[in-house]
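With the working numbering, the residue at position 391 of the sequence shown is 395, and numbering never jumps. Where is the CB? At the ideal position from N, CA and C, for every residue including glycine.
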Amino acid sequence: MKALLVNPEFPETYWSFRHALAFEGKRAAFPPLGLLTLSAMLPRPWERRLVDLNVRPLKAADIAWADIIFATAMLVQKDSLRRVVQRCKEQGKRVVIGGPYVTTSMGHVPEADHLFLGEAETTLPQFVQDLAAGTAQHCYQAAERPPLSATPIPDFGLAELKRYSAMSVQYSRGCPFQCEFCDIIEIYGRIPRTKSTAQLLAELDALRGVGWRGTVFIVDDNFIGNKRNVKRLLPELAAWQERHGRPFAFLTEASVNLAEDEELLAGMRRAGFRSVFLGIETPVAESLREARKTQNTRGDLLESVRTIQRHGLEVMGGFIVGFDTDPADIFERQLTFIRESAIPLAMVGLLTALPDTQLWRRLEREGRLLAESSGNNTSGSLNFVPKMDPARLVAGYQRIMRTLYSPREYYQRALDCLKRVSQERPEPHHRSLLRDVVALTRIALTLGVLDHERRAFWHFFRRAAAAPREQFAALMRLAAMGYHFRKLTEVSSREP
Ligand code: B12
Ligand code: SF4
Numbered sequence: 005m006k007a008l009l010v011n012p013e014f015p016e017t018y019w020s021f022r023h024a025l026a027f028e029g030k031r032a033a034f035p036p037l038g039l040l041t042l043s044a045m046l047p048r049p050w051e052r053r054l055v056d057l058n059v060r061p062l063k064a065a066d067i068a069w070a071d072i073i074f075a076t077a078m079l080v081q082k083d084s085l086r087r088v089v090q091r092c093k094e095q096g097k098r099v100v101i102g103g104p105y106v107t108t109s110m111g112h113v114p115e116a117d118h119l120f121l122g123e124a125e126t127t128l129p130q131f132v133q134d135l136a137a138g139t140a141q142h143c144y145q146a147a148e149r150p151p152l153s154a155t156p157i158p159d160f161g162l163a164e165l166k167r168y169s170a171m172s173v174q175y176s177r178g179c180p181f182q183c184e185f186c187d188i189i190e191i192y193g194r195i196p197r198t199k200s201t202a203q204l205l206a207e208l209d210a211l212r213g214v215g216w217r218g219t220v221f222i223v224d225d226n227f228i229g230n231k232r233n234v235k236r237l238l239p240e241l242a243a244w245q246e247r248h249g250r251p252f253a254f255l256t257e258a259s260v261n262l263a264e265d266e267e268l269l270a271g272m273r274r275a276g277f278r279s280v281f282l283g284i285e286t287p288v289a290e291s292l293r294e295a296r297k298t299q300n301t302r303g304d305l306l307e308s309v310r311t312i313q314r315h316g317l318e319v320m321g322g323f324i325v326g327f328d329t330d331p332a333d334i335f336e337r338q339l340t341f342i343r344e345s346a347i348p349l350a351m352v353g354l355l356t357a358l359p360d361t362q363l364w365r366r367l368e369r370e371g372r373l374l375a376e377s378s379g380n381n382t383s384g385s386l387n388f389v390p391k392m393d394p395a396r397l398v399a400g401y402q403r404i405m406r407t408l409y410s411p412r413e414y415y416q417r418a419l420d421c422l423k424r425v426s427q428e429r430p431e432p433h434h435r436s437l438l439r440d441v442v443a444l445t446r447i448a449l450t451l452g453v454l455d456h457e458r459r460a461f462w463h464f465f466r467r468a469a470a471a472p473r474e475q476f477a478a479l480m481r482l483a484a485m486g487y488h489f490r491k492l493t494e495v496s497s498r499e500p
């Protein structure tokens with residue numbers, strides 16, 4: 005059998021990082037780990053190819069080559085998924101779809117031959133057996149969430165590594181909290197399941213084996229969801245890094261209560277974690293309570309961010325406006341918090357009711373749901389009736405974005421952040437000097453010559469140049485990311 009694995013295209017959003025990736029000569033930030041994992045579950049004799057549409061186009065010849073097509077999708081990829089399925093069906097191929105979008109919005113791509121709901125560790129082997137016996141079903145869903153011991157080492161070698169700016173591995177699935185708007189706990193459950201330490205280290209060996217050096221995103225929903233196991237993992241991870249000359253810089257997602265645990269913070273630093281994405285959501289305690297995000301109400305949020313930064317971790321943060329209990333001055337309060345917390349990469353979104361979440365069910369009961377979400381919570385569109393006047397809410401949201409990504413505000417946060425994050429080790433030496441020089445030249449040319457905000461860039465550049473070399477590199481990386489955010493903000497939130 006010849007299996008073609010297809011990752012549909014992401015629209016241009018803050019999360020695509022497209023404008024920033026161009027400086028590094030990369031096409032996408034991360035590979036589609038779900039498909040690389042799926043590939044490793046297929047029978048060994050099967051031939052396999054990956055087409056990530058964010059990296060290269062899907063050609064008719066790719067489809068013609070395949071006997072069977074496996075496609076994944078998040079909600080934001082649904083239009084592209086539909087086009088992929090249509091093209092494959094037009095060429096008479098058997099099409100199998102799965103992933104978060106299919107799981108939460110099943111039945112929306114009627115042309116597909118087979119749907120997989122949820123995780124595929126037990127259902128895919130069953131499907132392969134059924135296919136051989138000629139009894140393959142239309143829909144597969146496991147009765148229980150599989151233990152991660154059943155997850156094989158992903159086929160990292162299938163991805164065109166040089167097209168991506170980072171690689172991904174997964175240590176755990178699920179999160180113990182119960183935030184009302186979250187679909188993670190619906191898809192992956194509230195009991196975090198982890199891989200064994202040996203399993204994760206074997207995946208890192210495999211990544212090293214295919215030649216990867218540099219950033220590795222540990223794509224867990226909440227890396228510290230199972231603290232006991234993470235505390236067992238971290239010393240082993242640090243030892244592995246030492247043994248291999250520290251080839252990787254890790255980034256991950258975690259809940260804010262990370263700040264309460266000194267042992268975890270120190271362990272993460274030793275293991276080579278550089279950044280962490282925190283779901284901060286809002287500085288307003290009533291809105292956090294409304295969202296059932298009670299873990300964020302336990303301490304002083306600003307102090308929690310500072311504690312994590314003091315441990316050498318750059319903090320990225322997710323923020324939301326649009327809660328029922330948001331006060332009239334919510335926009336100013338979010339801006340003040342983000343400034344004071346020195347979070348350069350602040351992902352602010354409008355509250356969105358994702359399918360099959362507690363929020364979705366409440367708004368449905370209250371008769372306030374308007375439509376299915378586009379999956380992109382930064383597009384400025386609402387899929388429910390908010391308590392605040394909708395026009396005021398969207399205008400306030402757009403004002404936050406314009407202010408946050410105006411060069412003066414953004415560059416100041418980047419400098420403040422680097423001052424707080426005292427890294428004891430430089431980035432791993434995975435880059436060639438030539439590539440760094442090329443990237444810096446591109447940044448200087450685009451931001452310092454062609455861009456209308458070039459004066460602010462050179463002001464920032466002078467201050468960055470006075471910093472130690474590794475901090476200068478980090479600041480230039482932040483400048484590139486800020487440029488991406490500003491470009492998107494200019495397009496999506498123009499002054500009315
Ligand atoms: C890494 C990641 C990203 C990366 C993208 C990586 C990539 N190239 O795919 C980045 C950071 C760019 C990203 C961005 C976004 N993401 Co994202 N992301 C994740 C995250 C944390 C991990 C994905 C992953 O690699 N998982 C590991 C693999 C092994 O799991 P998996 O993909 O689920 O695959 C398993 C099964 O689903 C199944 N499977 C998957 N595909 C298929 C296909 C077939 C045919 C079959 C049989 C089985 C199958 O088999 C696998 C093994 O069991 C997930 C959360 C999560 N736990 O998965 C969110 C998640 C997928 N993202 C999500 C969202 C909403 C977004 C954003 C819109 C931002 C946001 N949170 O608002 C943006 C959109 C992107 C864009 N450009 O616009 C949602 C999706 C919700 C939905 N219903 O679609 C998730 C679930 C988390 C969440 N609630 O925020 N994301
Ligand atoms: S902490 Fe994050 S992953 Fe966990 S339930 Fe809340 S939003 Fe979901």
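Distance, Asp420 Cα to Ile284 Cα: The residue given as residue 284 occupies position 280 in the sequence shown. The residue given as residue 420 occupies position 416 in the sequence shown. Near 19 Å, if we compare the C-alpha coordinates of Asp420 and Ile284.
Delimiting residues of the beta strand (DSSP E) encompassing Tyr487: By one-based count along the sequence shown, residue 487 stands at place 483. From DSSP, Tyr487 is part of no beta strand (DSSP E) but of the alpha helix (DSSP H) over Arg473 to Ser496.
Close beta carbons around Phe464, own chain, < 6 Å, minus the five adjacent residues each side: If you number the sequence shown from 1, residue 464 lands on position 460. Excluding positions up to five away in sequence, the list reads Tyr415.
Cutoff 8 Å; reference Gly384; Cβ partners in own chain excluding five residues on either side: Within the sequence shown, the letter at position 380 stands for residue 384. If we look at Gly384 and ignore the five residues flanking it on each side, its Cβ neighbours are Leu354, Val398, Tyr401, Gln402, Ser496 and Ser497.
Leu57 - DSSP class collapsed to helix/strand/coil: Position 53 of the sequence shown holds residue 57. The DSSP-derived three-state label of Leu57 is coil.
Cβ-heavy atom distance, Asp360 to the ligand SF4, below 7 Å: Here residue 360 refers to the residue found at position 356 of the sequence shown. If you check the C-beta of Asp360 against the ligand SF4, you find no heavy atom less than 7 Å away.
Own chain, CB closer than 7 Å to Asn381, minus 5 neighbours either side, in chain order: As a position in the sequence shown, residue 381 is number 377, starting the count at 1. Counting only Cβ-Cβ distances below 7 Å, and skipping sequence neighbours, we find Gly353, Leu354 and Thr356.
Glu336 versus Leu305, Glu267 and Pro287, residue with shortest Cα-Cα distance: For the purposes of this step, residue 336 is taken as residue 332 along the sequence shown, with counting starting at 1. Comparing Cα-Cα distances from Glu336 to each of Leu305, Glu267 and Pro287, the minimum goes to Pro287.
Residue range of the alpha helix (DSSP H) that includes Thr201: Position 197 of the sequence shown, counting from 1, holds the residue named residue 201. Thr201 to Gly213 is the extent of the alpha helix (DSSP H) around Thr201.
Local conformation of Ala24 per DSSP, three classes: Counting from one through the sequence shown, the residue named residue 24 turns up at place 20. Secondary structure at Ala24: helix, using DSSP grouped into helix, strand and coil.
Distance CB(Phe327)-CB(Glu294) smaller than 8 Å: For the purposes of this step, residue 327 is identified with residue 323 of the sequence shown, where counting begins at 1. For the purposes of this step, residue 294 is identified with residue 290 of the sequence shown, where counting begins at 1. Yes, they are a contact pair.
Trp513 beta carbon near the ligand B12 (any heavy atom closer than 7 Å): No answer is possible for residue 513: it lies beyond the span of the chain, which begins at 5 and ends at 500.
The ligand SF4 heavy atom lying under 7 Å from the CB of Phe160: Here residue 160 refers to the residue found at position 156 of the sequence shown. No, since every heavy atom of the ligand SF4 falls outside the 7 Å radius drawn around the Cβ of Phe160.
Where the alpha helix (DSSP H) through His463 begins and ends: Within the sequence shown, residue 463 is the residue found at index 459, counting from 1. Note, His463: alpha helix (DSSP H), Arg458 to Ala469.
is_contact[Leu451, chain D] using C-beta, thresh 8 Å: You won't find chain D in this structure, because it holds only one protein chain.
Spatial neighbours of Gly271 in its chain, beta-carbon cut-off 6 Å, leaving aside the 5 residues before and after: Here residue 271 refers to the residue found at position 267 of the sequence shown. Same-chain partners within the cutoff: Leu238.
First and last residue of the uninterrupted alpha helix (DSSP H) at Cys143: Position 139 of the sequence shown, counted from the first residue, corresponds to residue 143. Counting along the chain, Cys143 falls outside any alpha helix (DSSP H), though it belongs to the beta strand (DSSP E) covering Cys143 to Gln145.
Ala7, buried or exposed, once every other Cβ within 10 Å from all chains shown has been counted against 16: Looking up residue 7 in the sequence shown gives position 3. Buried, because 16 or more other Cβ atoms sit within 10 Å of the Cβ of Ala7.
Cβ-Cβ distance between Ala478 and Leu408 below 8 Å: For the purposes of this step, residue 478 is identified with residue 474 of the sequence shown, where counting begins at 1. For the purposes of this step, residue 408 is identified with residue 404 of the sequence shown, where counting begins at 1. Cβ distance not < 8 Å, so Ala478 and Leu408 don't count as in contact.
Distance cut-off 7 Å: Lys231 Cβ against heavy atoms of the ligand SF4: Counted from its first residue, the sequence shown places residue 231 at position 227. The answer is no for Lys231.
Residue nearest to Pro151 in terms of C-alpha spacing, selected from Gly122, Asp360, Gly276 and Leu306: Indexing the sequence shown from 1 puts residue 151 at position 147. Among Gly122, Asp360, Gly276 and Leu306, the Cα nearest to that of Pro151 belongs to Gly122.
Pro390, buried or exposed, once every other Cβ within 10 Å from all chains shown has been counted against 16: As a working mapping, residue 390 is identified with position 386 in the sequence shown. It counts as buried.
Bounding residues of the beta strand (DSSP E) (the contiguous stretch that carries Ser172): Indexing the sequence shown from 1 puts residue 172 at position 168. Segment Met171 to Val173, the beta strand (DSSP E) holding Ser172.
Status (buried if at least 16 other CB within 10 Å, exposed otherwise) for Ser345: Indexing the sequence shown from 1 puts residue 345 at position 341. By the neighbour-count rule (16 or more Cβ atoms within 10 Å), Ser345 is buried.
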